[in-house]
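For the sequence shown, the positions run 1 to 521 when the UniProt record's numbering is used.
Encoded as structure tokens, the structure appears first; notes follow it.
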Amino acid sequence: MNIWNWPTMMKARLGSRTVNILQILLLCTVGSVVLLRDSIGVGIELTLNTASPVEANVMDNLIGPKRNIASVEEKSVRELESVVVEEQQPPPRHPEKSRAPVVIEESPTVAANGEEKASIESNNVKPQEHQNPPVKDERAKRKKQKKPRKEEEVLIQEIQQPPVDDSNEQGGSSNLTASEPFSLGKNPKNWDQLRLGWLEKYPFMRTTPNGKPRMLMITGTQPWACKNPGGDHLMLKSIKNKIDYCRQHDIELFYNLAHLDREMSSYWAKLPIIRKLMLTHPEIEWFFWMDADAMFTDMLFEIPMETYGDYNLVMWGYDKGIYTERAWIAVNNGVFFFRNCQWSLDLLEMWAPMGPEGTVRNEWGKLFTEFLTKRPVMPADDQSALVYLLLTKPELRAKVKLEWAYELSGYWLDFVYKFEELMVTPGNHPGQGDKRWPFVVHFTGCQPCSGNNNPVYTSDTCAQQMERAFNFADNQVLQAMGFQHENLNSSYTKRIFEDTEEPLENLGPNTWATAAVSYGV
């Protein structure tokens, strides 16, 4: 009897359906036996790849007929360990057609931002013998080749200085070269006449309800969350401080969170927004720029704008520092007043071409470091650029007022540890604005949002002293309502006088004027 005819015989006796079921069961049994045989040593096999002869030899030893792991020779074990390390790299798709990897040579090229990058050239493709050193050796090799990070030169003096450049976060590299011109946009050549015509059409827009020339404060931060853990909270207190002052002094406020020009990143971002607001708000006579890390500490001080009739740009600084010493820190660009006029638009047009991020900014930075006194090696900043313009274009100087009479941008370390002393010194009170009671305290170099502060002082020191400056100013707001902070280090408040039956007795027309009663002013 032919055993291969058993399905026909069984069908005849048991029926076709029953035989089909038996066939399926038989096939499942055979498959299980095969799988069971191949699964022996599977825990080791999963970590291997049969792409190389060494691995194939090890696999034969592991899953051969004897299937006894203990019988693997000591040499094979060492080879196995080596293979496991090597196979951290992805295996080739077709092991049977494995070939030497292709190495692409990298040739250095100067990128748009002045840094050296690698460009891939198709003509430099060539084969190389397969070499796969252990991972640890390769990592050690890369570690040796890594160049140490170059520390930026830091001025240890307690001086005013611009913030650390956060360009890598705030913008995009420019494709411009140092010889290509950059412009913020088309400027009218008769802006003064155009603006005058508009104001004649809308004369009620010239002044505030109190008859003052209209002023707009511009401040802001970057459009994303602060990296520094407490940065957003400090920025909130900073804008609250500015709102309090502007509300009391009839100043409008524009808080900016947008980058209007990606090439003009970091501290250069102020130029595009100032220009745009000039051209879209002809009713504004003066623009008041104030950095986010600057705070008002004299809420009663009235800016003497009537004394600036002959000037178009007012900022803290001193003539000797610029015109004799050529010091890049002889002015501070963190707080300044800018008149809405053709002269200002022309200055912005001369100023902006030094700021595009990348090659342009890097090349101008080198020039500024050579030209100005004690300037560290770094990309061009707007403050150094303005000093450079004032030195190389004397015709600009007649319209620039370097203010020294009051603390328009007081260096924070000169005042933050003296607040308690200032409050109890006879004759000191809000409204003076000078060293007795500083108008503005500027935390230059602290970088409360990014945390990239000057290493001369810590982030904790900056944060603590910003809180104290805020509380010092906030007391002048709260005292008119009968409260003040428990102390300058505390956010908690305490009552300093009770309500009376005559709450309007000492209230003047400016109901937001603060501290007048408390300080006897």
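Beta carbons are placed, not taken as given, at the ideal position from N, Cα and C, and that holds for glycine.
Alpha carbon of residue i to alpha carbon of residue j, nearest angstrom
i, j, result
"R195", "V331", "30 Å"
"I274", "F287", "8 Å"
"Y267", "K435", "27 Å"
"K117", "G355", "The pLDDT assigned to K117 is 38, lower than 50, so where the model puts this residue is not dependable; a value taken from the coordinates is nonetheless given after this. Taking the straight line from one Cα to the other gives about 22 Å."
"T280", "L271", "15 Å"
"D261", "A269", "7 Å"
"T461", "N489", "12 Å"
"N475", "P353", "43 Å"
"F337", "R397", "15 Å"
"E421", "M278", "41 Å"
"Q465", "R247", "24 Å"
"F419", "L236", "22 Å"
"D192", "E395", "19 Å"
"F470", "N187", "39 Å"
"L504", "V477", "17 Å"
"L348", "L367", "20 Å"
"G508", "N453", "43 Å"
"D346", "R206", "23 Å"
"V387", "E263", "21 Å"
"D381", "N510", "40 Å"
"K276", "W412", "31 Å"
Within 8 Å, strictly: CB atoms of residue i and residue j
i, j, result
"F182", "M217", "no"
"V440", "T221", "no"
"T208", "D250", "yes"
"M295", "N241", "yes"
"G410", "F301", "no"
"P223", "L184", "no"
"P282", "W343", "no"
"V400", "L391", "no"
"residue 552", "M299", "The question about residue 552 has no answer, for the chain in this structure spans 1 to 521."
"E357", "S459", "no"
"V424", "R468", "no"
"E486", "Y492", "yes"
"F443", "D293", "yes"
"H379", "E407", "His is not the amino acid found at residue 379; the sequence shown has Pro there. Cβ distance not < 8 Å, so P379 and E407 don't count as in contact."
6 Å Cβ shell around residue i - same chain, five flanking residues per side excluded
i, result
"M215", "I251, W286, F288"
"T369", "R375, V377"
"K227", "S450, G451"
"A463", "G230"
Residue i, enclosing alpha helix (DSSP H) - first and last residue
i, result
"M278", "270 to 280"
"E325", "It is not in any alpha helix (DSSP H) - E325 carries neither H nor E in the DSSP assignment."
"Y457", "Neither: Y457 is in no alpha helix (DSSP H) and is coded neither H nor E."
"T392", "382 to 392"
"V343", "The amino acid occupying residue 343 in the given sequence is Trp; Val does not appear at that position. Unbroken alpha helix (DSSP H) run through W343: 342 to 351."
"V360", "359 to 371"
"I243", "231 to 248"
"G334", "Not the alpha helix (DSSP H): G334 falls in the beta strand (DSSP E), residues 331 to 339."
"M423", "419 to 424"
Close Cβ partners of residue i (< 8 Å) along its chain, the five nearest in sequence each way excluded
i, result
"F393", "The residue asked about is misnamed: residue 393 is Lys in this sequence, not Phe. The answer, listed in chain order, is M350."
"E501", "none"
"Q145", "Confidence in Q145 is poor, its pLDDT being 42 and thus under 50, which makes the residue's placement too unreliable to answer from."
"I496", "Q479, G482, F483, Q484, S518"
"M290", "M217, I218, T219, K242, G334, V335, V440"
"I284", "R214, M215, L216, E252, L277, M278, N340"
Residue span of the beta strand (DSSP E) that contains residue i, given as start and end
i, result
"Q479", "Element bounds for Q479: n/a, residue is neither H nor E."
"K401", "400 to 403"
"K494", "493 to 495"
"V441", "440 to 442"
"W191", "From DSSP, W191 is part of no beta strand (DSSP E) but of the alpha helix (DSSP H) over 191 to 201."
"L313", "313 to 317"
"L216", "215 to 220"
"M290", "286 to 290"
7 Å CB neighbourhood of residue i in its chain, flanking five on each side removed
i, result
"N210", "D250"
"Y318", "A330, L402, W404"
"A225", "D232"
"K212", "D250"
Closer than 7 Å: residue i CB and nearest the ligand ADP heavy atom
i, result
"D460", "The model on display carries no ligand, and the ligand ADP is accordingly not part of it."
Does the region 360 to 379 come within contact of the region 317 to 328, defined as at least 3 CB pairs closer than 8 Å? yes
At least 3 beta-carbon pairs within less than 8 Å: the region 301 to 316 vs the region 360 to 367: no
Can we say the region 224 to 239 touches the region 316 to 325, given the rule of at least three CB pairs closer than 8 Å? no
Three or more C-beta pairs under 8 Å: does that hold for the region 423 to 433 against the region 191 to 205? no
Inspect the CB distances between the region 473 to 490 and the region 444 to 463 and report whether three or more fall short of 8 Å. no
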